[in-house]
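Since the structure comes first, as structure tokens, the remarks are kept for the end.
Protein chains: 2
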Amino acid sequence: MKVVALAGGVGGAKLADGLARCLPAQDLTIVVNTADDFTHFGLRICPDLDTICYTLGGIANPDTGWGRAGETWNTLEALKTLEAPTWFQLGDQDLATHLERTRRLAEGETLSEITQFFCQRWGIQVRVLPMSDSPVQTIVETDHGDLPFQEYFVKYRFEPSVRGFRFEGATQAAAAPGVLEAIESCEVAIFCPSNPWVSIDPILAISGIRQALLRARVIAVSPIVGGKALKGPAAKMFEEMGIPPSAQAVALHYGSLLKGFVLDVVDADQEVQIRALGLKTLATDTVMKNPNDRQRLAEKILAFARQELKG
Amino acid sequence: MKVVALAGGVGGAKLADGLARCLPAQDLTIVVNTADDFTHFGLRICPDLDTICYTLGGIANPDTGWGRAGETWNTLEALKTLEAPTWFQLGDQDLATHLERTRRLAEGETLSEITQFFCQRWGIQVRVLPMSDSPVQTIVETDHGDLPFQEYFVKYRFEPSVRGFRFEGATQAAAAPGVLEAIESCEVAIFCPSNPWVSIDPILAISGIRQALLRARVIAVSPIVGGKALKGPAAKMFEEMGIPPSAQAVALHYGSLLKGFVLDVVDADQEVQIRALGLKTLATDTVMKNPNDRQRLAEKILAFARQELKG
């Protein structure tokens, strides 16, 4: 079964890893949000791509979900002595990724080409694609003004109250090579349990992607479990946008794009309302605490896709 | 006695450190070559400024003369796994300097301002000035084509044969704030035992600096001892430019700019010819193996300046 997964950072990376453990490599394409990307100290940093690749390459920090296992922080410590901004955690090994990406971009390589090269170096077999090779920037509109995503998320620890989102450059940005083709030829597209507002929505904002998905079988996995986000500000964002956070709210958020929806067993009481939206549902354990959980969830979702969405 | 020292990297840094140990901080200005500066992985790297500042700040690697003491190489090791160019040795702590410099330059600060800030952080009391705040680039013309200095020096280990030098941007570049004033008000200007072709000459090429030095009392310290360079390609460059390397050749190279010349005792037989050029001379131990040597040489040079150049 040909599968496309749309993913943001840590939560998306876990399910992407689970899917990679279940599917032949040539059957899985992961399309990654790049609207969190930013330039810091002159370096181009792509947090979600890095989290996805480190996870798939087995070199991610298992405790945090982001950054690299066995990371050291010598440069960051030296930056502190220079009173430099150190709100973004730059590990010594992680820095090499940013340095080499920046160097290759300056030499004219595309983000897709660089990502493909990194995947090859890290032994990643499945296809990882940035959503676009053009820069797109999530701006979080807050009660403290407009903030680029990383500042909102890391520097201000998502404390400002959200009023809206915009994805600068998205409508002019073309999907990266292979993205539309992968969606058009897939048997199922999976929205990973990533933040709908700032991880999946930016991908959907890229020219042509939403249209391609409307012709696909799409299953979303709820990142809201028991009314809370497993990680990050997703639940807080729903609340501040005036919507009580719930699995159902996630299903409504994606609306007519979806054919199926995966929610946690703790939210099974919402299945009736979600089915009333015309969606097939799967209630299962969605919390991924270890690699086995990832694989188990991926297997369940793929079985659900095979059985329920055939018709 | 107000002193200005012109310096390149390791050799210059040693004498600059010796002078800083002898003079009240407000009496010493060090003007540093920045024509070796280059952009690597998107970062602005200023090798000579860093060597000077690390040395003056007491944080230089005492074994190499460049880089930082207790340095680690975790990012460089990770870069190797990405098949990135690693011919330039980027230490983890050194990287912080490049990152913060790059960030501040992008924010609109000048190289002078950034250098002043770094000096303050590193407890450096004497004034360290880049020769210019504008980019100047040494191009080494070789039998393997034109090479930017760092590529010639580090990547190709100064193996290509030299045919000439040019300092791109030098004539349009203004001296950094304070440089001309320091030269105009100094009692003695010292050319450190740095490479005449690629460390001191680029400084002299900056608009106004040579003219200001013509009105100053200038003493050069020979970087050629016993016909050889203590470090780097200075002797090889003299040879390839058709000039047998010697202390006398260095004196002739600087020509009418000089009033005095310091050579090593092993070259004392050249004193007669150098005096015949109209220069006062001091033959002394010029090889600086430790901080005591630096201070002793600086004291000798300052005493020489006081006695011989008064008239």
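Chains as they are written, first to last, in the working numbering: chain A, 2 to 312; chain B, 2 to 312.
Glycine is no exception: its CB is placed at the ideal position from the N, C-alpha and C atoms.
Checklist entry - What does A:Gly165 reach in chain B if we use C-beta pairs closer than 9 Å? => result Taking the first residue of the first sequence as position 1, residue 165 of chain A is located at position 164. Going along chain B, no residue has its Cβ under 9 Å from A:Gly165, so there is no contact; the nearest lies around 28 Å.
Next on the checklist: Under 7 Å, Cβ to Cβ, is there at least one residue of chain A near B:Phe89?
Outcome noted: For the purposes of this step, residue 89 of chain B is taken as the residue at position 88 of the second sequence. By this cut-off, B:Phe89 is not an interface position.
Checklist entry - If you count every other CB in all the chains shown that lies within 10 Å of the CB of B:Ser186, and 16 or more means buried, which is it? => result For the purposes of this step, residue 186 of chain B is identified with residue 185 of the second sequence, where counting begins at 1. Exposed: under 16 other Cβ atoms inside 10 Å.
Checklist entry - Applying a beta-carbon distance threshold of less than 9 Å, which residues of chain A neighbour B:Asn62? => result Along the second sequence, one-based indexing puts residue 62 of chain B at 61. Result: empty, since nearest Cβ-Cβ is about 14 Å, beyond 9 Å.
Checklist entry - B:Arg218 and B:Lys156 look like a contact to me (Cβ under 8 Å); what is the Cβ gap, rounded to whole Å? => result The residue given as residue 218 of chain B occupies position 217 in the second sequence. The residue given as residue 156 of chain B occupies position 155 in the second sequence. Rounded, the Cβ-Cβ distance is 39 Å, inconsistent with contact.
Next on the checklist: Does the CB of B:Phe39 have a neighbour CB from chain A at under 7 Å?
Outcome noted: Along the second sequence, read from residue 1 onward, the residue named residue 39 of chain B stands at position 38. Output row for B:Phe39: interface = no.
Next on the checklist: For B:Ala171 and B:Phe262, I'd like the C-alpha separation in whole angstroms.
Outcome noted: In the second sequence, counting from the first residue as 1, residue 171 of chain B sits at position 170. In the second sequence, counting from the first residue as 1, residue 262 of chain B sits at position 261. Near 26 Å, if we compare the C-alpha coordinates of B:Phe262 and B:Ala171.
Checklist entry - Since B:Arg122 is in the beta strand (DSSP E), which residue starts that stretch and which ends it? => result Position 121 of the second sequence, counting from 1, holds the residue named residue 122 of chain B. From DSSP, B:Arg122 is part of no beta strand (DSSP E) but of the alpha helix (DSSP H) over 112–122.
Checklist entry - Going straight from the alpha carbon of A:Arg69 to that of A:Pro48, what length do you get? => result Against the first sequence, residue 69 of chain A aligns to sequence position 68. Against the first sequence, residue 48 of chain A aligns to sequence position 47. In a straight line, the C-alpha of A:Arg69 is about 12 Å away from that of A:Pro48.
Item to check | Beta carbon proximity, A:Leu65 to chain B, threshold 7 Å | outcome: Taking the first sequence and counting its residues from 1, the one referred to as residue 65 of chain A is at position 64. Looking at the sequence provided, one finds Thr at residue 65 of chain A rather than Leu. No, A:Thr65 does not count as interfacial toward chain B.
Checklist entry - the stretch 153–186 of chain A: which residues have C-beta closer than 7 Å to a C-beta of chain B, in chain order? => result none
Checklist entry - Excluding the five sequence neighbours on either side, which residues of its own chain have a C-beta within less than 8 Å of the C-beta of A:Thr98, listed in chain order? => result Stepping through the first sequence from its first residue, residue 98 of chain A is reached at position 97. Counting only residues of its own chain and dropping the five nearest sequence neighbours on each side, A:Thr98 has a CB closer than 8 Å to the CB of Asp51, Phe119.
Checklist entry - Since A:Thr103 meets chain B, which of its residues come closer than 7 Å, beta carbon to beta carbon? => result Numbered from 1 along the first sequence, position 102 holds the residue referred to as residue 103 of chain A. Going along chain B in sequence order, the residues near A:Thr103 (Cβ under 7 Å) are Phe42, Gly43.
Checklist entry - Is B:Leu20 near B:Ala190, with beta carbons less than 7 Å apart? => result As a position in the second sequence, residue 20 of chain B is number 19, starting the count at 1. As a position in the second sequence, residue 190 of chain B is number 189, starting the count at 1. It is not a contact, given that the beta carbons lie outside the stated cut-off.
Checklist entry - In the structure shown, what three-state DSSP assignment does B:Val137 receive? => result As a working note, residue 137 of chain B is residue 136 in the second sequence. The DSSP-derived three-state label of B:Val137 is coil.
Next on the checklist: Just to make sure I have the definition right: I need the residues of chain A whose C-beta is within less than 8 Å of the C-beta of B:Thr73. Which are they?
Outcome noted: For this step, residue 73 of chain B is matched to residue 72 along the second sequence. Per Cβ cutoff of 8 Å: Thr73, Asn75, Asp93.
Checklist entry - Which word fits A:Lys81, buried or exposed, when buried means at least 16 other C-beta atoms lie within 10 angstroms of its C-beta? => result In the first sequence, residue 81 of chain A corresponds to position 80, counting from 1. Burial call: exposed.
Checklist entry - Which residues in the same chain have their Cβ closer than 6 Å to the Cβ of B:Val127, if we skip the five residues on either side of it in sequence? => result On the second sequence, residue 127 of chain B is found 126 positions in, with the first residue counted as 1. Ala21, Ala26, Leu29, listed in sequence order.
Next on the checklist: Please report the straight-line C-alpha distance between A:Leu100 and B:Gly43, rounded to a whole angstrom.
Outcome noted: Counting from one through the first sequence, the residue named residue 100 of chain A turns up at place 99. Counting from one through the second sequence, the residue named residue 43 of chain B turns up at place 42. Using only the alpha carbons, I get a separation of about 7 Å.
Item to check | Alpha-carbon to alpha-carbon, A:Trp198 and B:Leu83 | outcome: Translated into the one-based positions of the second sequence, residue 83 of chain B becomes position 82. Translated into the one-based positions of the first sequence, residue 198 of chain A becomes position 197. B:Leu83 and A:Trp198: Cα-Cα distance of roughly 33 Å.
Item to check | Cβ-based burial, B:Leu215 [other Cβ within 10 Å; buried from 16] | outcome: In the second sequence, counting from the first residue as 1, residue 215 of chain B sits at position 214. Exposed, by the Cβ-count rule.
Item to check | Straight-line gap, A:Lys232 to A:Val137 (C-alpha atoms, nearest Å) | outcome: Position 231 of the first sequence, counting from 1, holds the residue named residue 232 of chain A. Position 136 of the first sequence, counting from 1, holds the residue named residue 137 of chain A. Distance between the alpha carbons of A:Lys232 and A:Val137: 23 Å.
Checklist entry - At what residues does the alpha helix (DSSP H) containing A:Val251 begin and finish? => result Translated into positions along the first sequence, residue 251 of chain A becomes position 250. 248–255 is the extent of the alpha helix (DSSP H) around A:Val251.
Checklist entry - Are the C-beta of A:Ala304 and some C-beta of chain B separated by less than 7 Å? => result Counting from 1 along the first sequence, the entry for residue 304 of chain A is found at position 303. No - not a single Cβ of chain B is within 7 Å of the one on A:Ala304.
Checklist entry - Which of the three DSSP states, helix, strand or coil, is assigned to A:Ala26? => result Reading the first sequence from its first residue, position 25 is the one you call residue 26 of chain A. Three-state DSSP puts A:Ala26 in a helix.
Item to check | Through-space distance from B:Thr139 to B:Asp37, alpha-carbon basis | outcome: Residue mapping note: residue 37 of chain B aligns to position 36 of the second sequence, counting from 1. Residue mapping note: residue 139 of chain B aligns to position 138 of the second sequence, counting from 1. For B:Asp37 and B:Thr139, the distance between alpha carbons rounds to 6 Å.
Item to check | Proximity of B:Tyr111 and B:Asp134 at Cβ, strictly below 7 Å | outcome: Here residue 111 of chain B refers to the residue found at position 110 when the second sequence is read from its first residue. Here residue 134 of chain B refers to the residue found at position 133 when the second sequence is read from its first residue. Going by the sequence as given, residue 111 of chain B is Thr instead of Tyr. Yes. Within cutoff.
Checklist entry - In chain A, which residues lie less than 9 Å from B:Phe119 when you measure between Cβ atoms? => result Reading the second sequence from its first residue, position 118 is the one you call residue 119 of chain B. Going along chain A in sequence order, the residues near B:Phe119 (Cβ under 9 Å) are Leu83.
Checklist entry - Could you give the C-beta distance for B:Leu150 and B:Val141, rounded to a whole number, given that I count them as a contact under 8 Å? => result Here residue 150 of chain B refers to the residue found at position 149 of the second sequence. Here residue 141 of chain B refers to the residue found at position 140 of the second sequence. Note on identity: in this sequence residue 150 of chain B is Phe, with Leu being the wrong assignment. That belief holds up - the Cβ atoms of B:Phe150 and B:Val141 are roughly 6 Å apart, short of 8 Å.
Checklist entry - Using the rule of at least 16 other Cβ atoms within 10 Å of the residue's Cβ for burial, across every protein chain shown, is A:Gln121 buried or exposed? => result If you number the first sequence from 1, residue 121 of chain A lands on position 120. Exposed, because fewer than 16 other Cβ atoms sit within 10 Å of the Cβ of A:Gln121.
Item to check | Beta-carbon separation (whole angstroms), B:Leu7 vs B:Ile204, contact threshold 8 Å | outcome: The count along the second sequence starts at 1 and reaches residue 7 of chain B at position 6. The count along the second sequence starts at 1 and reaches residue 204 of chain B at position 203. About 5 Å; that satisfies the 8 Å criterion.
Checklist entry - Is it true that the CB of A:Leu278 sits closer than 7 Å to the CB of A:Phe305? => result Taking the first residue of the first sequence as position 1, residue 305 of chain A is located at position 304. Taking the first residue of the first sequence as position 1, residue 278 of chain A is located at position 277. In this structure, A:Leu278 does not lie closer than 7 Å to A:Phe305 by Cβ.
Checklist entry - chain B partners of A:Leu310, CB-CB under 9 Å? => result Working through the first sequence from its first residue, we reach residue 310 of chain A at position 309. What A:Leu310 touches in chain B: nothing, since even the nearest Cβ is about 40 Å away.
Checklist entry - Are the C-beta of A:Ala97 and some C-beta of chain B separated by less than 7 Å? => result Here residue 97 of chain A is taken as the residue at index 96 of the first sequence, counted from 1. Chain B, which has a Cβ nearer than 7 Å to the Cβ of A:Ala97, makes this yes.
Checklist entry - How would you list, in chain order, the residues of chain A whose beta-carbon sits under 7 Å from the beta-carbon of B:Ala107? => result Numbered from its first residue, the second sequence carries residue 107 of chain B at position 106. Within chain A, the residues near B:Ala107 are Gly43.
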